[in-house]
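2 protein chains.
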Amino acid sequence: MVRRIINEACGERERAERRAAIRSGRIGASLTTGLHARAITASRRSPEPPCPCARSRSRIGDRRMRPERGKDGTMGSRVTAQQVADLAGVSRSAVSRCFGDGQVSEETRRRIMAASQTLGYRPNAIARSLTGQNTGLIALLLAEIDNPYIDLVLKKLLLAIAEADKRALVIPETRQHDLTGSTMHALDYQADAIVVLGGTVSDHVVEQLRGLDTPVFQFGRQGGGLGGVACDNEMGGRMGGRFLVQSGRRRIAYITKAAATDANRRRRAGFAAALEAAGLPVLEGVAQDNGFEGGYQAATRLFSAPEPPDALFCFNDIMALGALQAAATFRLRVPEDVAILGFDDIPMAGWPAFGLSTVRPNLDLQIGKLMAMLLEIYEGAPARRTVDLVQPDLVVRRTAA
Amino acid sequence: MVRRIINEACGERERAERRAAIRSGRIGASLTTGLHARAITASRRSPEPPCPCARSRSRIGDRRMRPERGKDGTMGSRVTAQQVADLAGVSRSAVSRCFGDGQVSEETRRRIMAASQTLGYRPNAIARSLTGQNTGLIALLLAEIDNPYIDLVLKKLLLAIAEADKRALVIPETRQHDLTGSTMHALDYQADAIVVLGGTVSDHVVEQLRGLDTPVFQFGRQGGGLGGVACDNEMGGRMGGRFLVQSGRRRIAYITKAAATDANRRRRAGFAAALEAAGLPVLEGVAQDNGFEGGYQAATRLFSAPEPPDALFCFNDIMALGALQAAATFRLRVPEDVAILGFDDIPMAGWPAFGLSTVRPNLDLQIGKLMAMLLEIYEGAPARRTVDLVQPDLVVRRTAA
DNA sequence: CTGAAAGCGCTTACAG
DNA sequence: CTGAAAGCGCTTACAG
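Those protein sequence lines, which keep their order, are chains A and B.
My numbering puts the first residue of the first sequence at 1, with every later residue one more than the last.
My numbering puts the first residue of the second sequence at 1001, with every later residue one more than the last.
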């Protein structure tokens, strides 16, 4: 055992005296006394001879080279709970309880709120995170950064997270099979959960993420033992295939990039099943990429064949738009000569210029389910391990009817 | 003065003894001794009779209901610097220095790195933020959430921020004239800087942000006394106008939504100046919105007039695409009958389907300049107060030549 | 180069 | 309901 002598108690005593004074009405809790309170605090912090902490304080105060108080009287976020406590004549604990979910008397709450108002106090979320139950941060791992569908997902998710009063730490992950150092750093912020957006990330990365002690969810991706939500891609493929078959098409092609992402495999499987049920083969349309050019070129190749297809089902809308352009180049009438069907229902698909028929994932429902899973962990529930599949809708516009 | 007796020193002594043992070679710094070290730590934390902190610890340990050690041997991020220090036989300070920019001897660094490796230690960024110079967080205030150009900006900025080893806290701001509570909360995370993306946010919001003690920058917006970067919109407007004039157009319209955003005002001013220099008037094309439909309808109205324009300069590419569609509806040849010019050069503009001529902001240069400003504040420089204008380029494709 | 101590701004049992 | 104390996981002068 060792005894240590701590000399900050004088400040404590001053504070207690002041509290008594405020309560007895000898001093009012006004801005003026607030300044007074600050003077007391300061004297506590740097007794003569000036103690080391004074040096340290000023350095930190300096670090952003801004005054403690804004020119317009609003305070910067440097006001601390102690300052509020001093001005209100209560303890720091009371202030904490008042801003947290603790019990505070009406009178105390009133004083604290008034003081906070005056000083412009807002609790430091970082300090809160260090000691509290959670950080309020949700890390969004953006795997497919140039997928316009993911753009949509990201925006809706950002809105939903803000709505739930959480914060989004957005991390662009440029590697597919490993985590970048930048991502690792972002993960050091103790996010309450991680959401992997998009289907291109490898199972290995998912495995790495599972090694962390943070719940991980996936959006638009299945497998890897992670919970999450996804569009029922197989169902979507089946819906598309069935629709084309029923509208009398016989030479039906599926256009996609060769790479076997999970979403692609499933859409294709459902599609193939639908054609097979009708005794039809799947014509192959291989694209260089999953973008406009890819769709354009794959369709061009198909249209140049001796027996061109009478229907195209494209892995996504952008490719379908490329295919649409190819059809125009070949002077094919859409949908009379060739039906074109996309997937995703990006905003552009609905533009009158295109009138693209497509399979629309129920994005809002997916986001809703994901948010529910996310919020469950704040209730102390263990992270889900299953992927919730959400059924898409067929949107019939002009390009396939 | 008050004397306080602190009983944690026993743990300290044990630690010191152990350090000596490790150094003298009596114990090796292996995984096994690592577990041993943890046992010591544990005994320090809960001496018999079990002290209160044991309770508190277990609660916090429980809070995520995960074991201290993953099934595959990887550690969760719950390993602390103290554990590494114990295993390496050094002080917590040494570990901190090793992961920070402090001075550490080669041997010490080796031991610490080995121990960290074994335990899977990564410094807790939140704790670091609380005590360190900065948080490494950059708040991105996303004002125009459905502007596809801002999508592009956001992605590039996310990449640049990750590249600079900073983290992006992305905040969707749905209100134009005030900050939402959600945004206020996000700002409580002590971001090192705030970047306002997009031009639609009001000066009042900018004023509120300036009240915080965090440097604020703006992207694609001028005024309000905030530093930042923006496309030289006036110059862009002038380039567009001059180009149309020089290609022989005489009845030139400017299409935009009536609302007077800053970018709109400037583009229009430059454009009008170019036409005026040629003695030409600006034909007005008023749109409902700044999207595809808006462009389509405004163009439709212009084409229906007794003397339709022979050139359209649109506020942005999406509107220009709408106008292009309107031209097709009117069976107008582009560019022979009517030239169409956009602004932004979104990826779609370059698709062969459109071949949209447009004014291209130099996005990479803008991002580069913004990042430079952002990084300056980490050097202790005061936030810049001026907006750097970056000159755009004219991209001539098929719709105006 | 190194360790002990103090501190960052909060929260949370604990004991009134 | 309230305050004093301990603690969250780090960093950083300070004094060797």
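Glycine included, each C-beta is placed from N, C-alpha and C at the ideal position.
Remember, it's a predicted structure, so these values are computed and weren't measured experimentally.
Check whether residue i and residue j have beta carbons under 7 angstroms apart
i	j	result
A:L407	A:R167	Since the displayed chain A opens at 1 and closes at 401, residue 407 of chain A lies outside it and no answer follows.
B:K1155	A:I145	yes
A:A253	A:L283	yes
A:S357	A:T329	no
B:C1231	B:P1347	no
B:S1202	B:Q1176	yes
B:A1081	B:R1092	yes
A:A235	A:L394	The question names Ala, but residue 235 of chain A is Met in the sequence shown. No, they are not a contact pair.
B:G1241	B:A1274	yes
B:Y1149	B:D1388	no
B:A1088	B:A1115	yes
B:T1200	B:A1260	no
B:D1188	A:A139	no
A:A383	A:P215	yes
B:T1108	B:V1090	yes
A:V390	A:N362	yes
A:G237	A:F271	yes
N- and C-terminal bounds of the alpha helix (DSSP H) containing residue i
i	result
A:I377	L363 to Y378
A:L402	With chain A covering 1 to 401 only, the question about residue 402 of chain A has no answer from this structure.
A:T256	Element bounds for A:T256: not the alpha helix (DSSP H) but the beta strand (DSSP E), I252 to K257.
A:A168	Element bounds for A:A168: not the alpha helix (DSSP H) but the beta strand (DSSP E), R167 to P172.
B:S1304	F1292 to S1304
B:L1212	Unbroken run through B:L1212: none, as it is neither H nor E.
B:D1086	A1081 to A1088
A:G270	D262 to A277
B:S949	What the structure shows of chain B is the stretch from 1001 to 1401, and residue 949 of chain B is not part of that stretch, so it cannot be assessed.
Buried versus exposed call for residue i [16 or more other C-beta atoms within 10 Å across all chains shown]
i	result
B:S1129	buried
B:A1039	At B:A1039, the pLDDT of 35 sits below 50, so the modelled position is not reliable; the number obtained from the coordinates is stated separately. By the neighbour-count rule (16 or more Cβ atoms within 10 Å), B:A1039 is not buried but exposed.
A:G198	buried
B:E1048	Residue confidence for B:E1048 is low, a pLDDT of 34 falling below 50, so the modelled location carries little weight and cannot support an answer.
B:M1373	buried
A:R250	exposed
B:L1035	The predicted model places B:L1035 with a pLDDT of 37, which falls under 50 and marks its position as unreliable; any figure quoted below should be read in that light. So B:L1035 counts as exposed.
B:R1331	exposed
A:S182	buried
B:A1085	buried
B:G1279	exposed
A:G220	buried
B:Q1366	buried
A:G102	exposed
B:T1256	buried
A:S304	exposed
B:R1055	The predicted model places B:R1055 with a pLDDT of 28, which falls under 50 and marks its position as unreliable; any figure quoted below should be read in that light. B:R1055 should be labelled exposed.
B:M1184	exposed
A:D151	buried
A:L402	Any question about residue 402 of chain A goes unanswered here, given that chain A covers just 1 to 401.
A:D178	exposed
B:R1059	Residue confidence for B:R1059 is low, a pLDDT of 29 falling below 50, so the modelled location carries little weight and cannot support an answer.
A:M65	With a pLDDT of 32 at A:M65, under the threshold of 50, the modelled position of that residue is not reliable, and the figure given next carries that caveat. Label assigned to A:M65: exposed.
Where the beta strand (DSSP E) through residue i begins and ends
i	result
B:V1095	Unbroken run through B:V1095 is the alpha helix (DSSP H), R1092 to F1099; no beta strand (DSSP E).
A:A191	Segment: none, A:A191 is in no beta strand (DSSP E) and carries neither H nor E.
B:Q1218	V1216 to F1219
A:D393	D393 to V395
A:V229	G227 to C231
A:G285	L283 to A287
A:S357	S357 to R360
B:L1389	V1387 to V1390
Report yes or no: do three or more beta-carbon pairs, one from the stretch 1307-1325 of chain B and one from the stretch 1280-1292 of chain B, lie closer than 8 angstroms?
Contact holds: three or more Cβ-Cβ distances are below 8 angstroms.
Please give me, in chain order, every unbroken run of the beta strand (DSSP E) with length at least 3 that falls completely inside the stretch 313-354 of chain A.
Within the stretch 313-354 of chain A, the complete beta strand (DSSP E) runs of at least 3 residues are 339-343.
With a cut-off of 8 angstroms, do at least 3 Cβ pairs link the stretch 164-184 of chain A to the stretch 1169-1181 of chain B?
Touching, yes.
Every unbroken beta strand (DSSP E) inside the stretch 1097-1143 of chain B [3 residues or more]
Within the stretch 1097-1143 of chain B, the complete beta strand (DSSP E) runs of at least 3 residues fall at 1137-1142.
Below 8 angstroms, how does it come out for the stretch 215-227 of chain A and the stretch 183-199 of chain A: are there three or more Cβ pairs, yes or no?
Touching, yes.
Do the stretch 1302-1317 of chain B and the stretch 1339-1346 of chain B make contact, defined as three or more Cβ pairs closer than 8 angstroms?
In short, these stretches touch, since the Cβ pair count reaches three.
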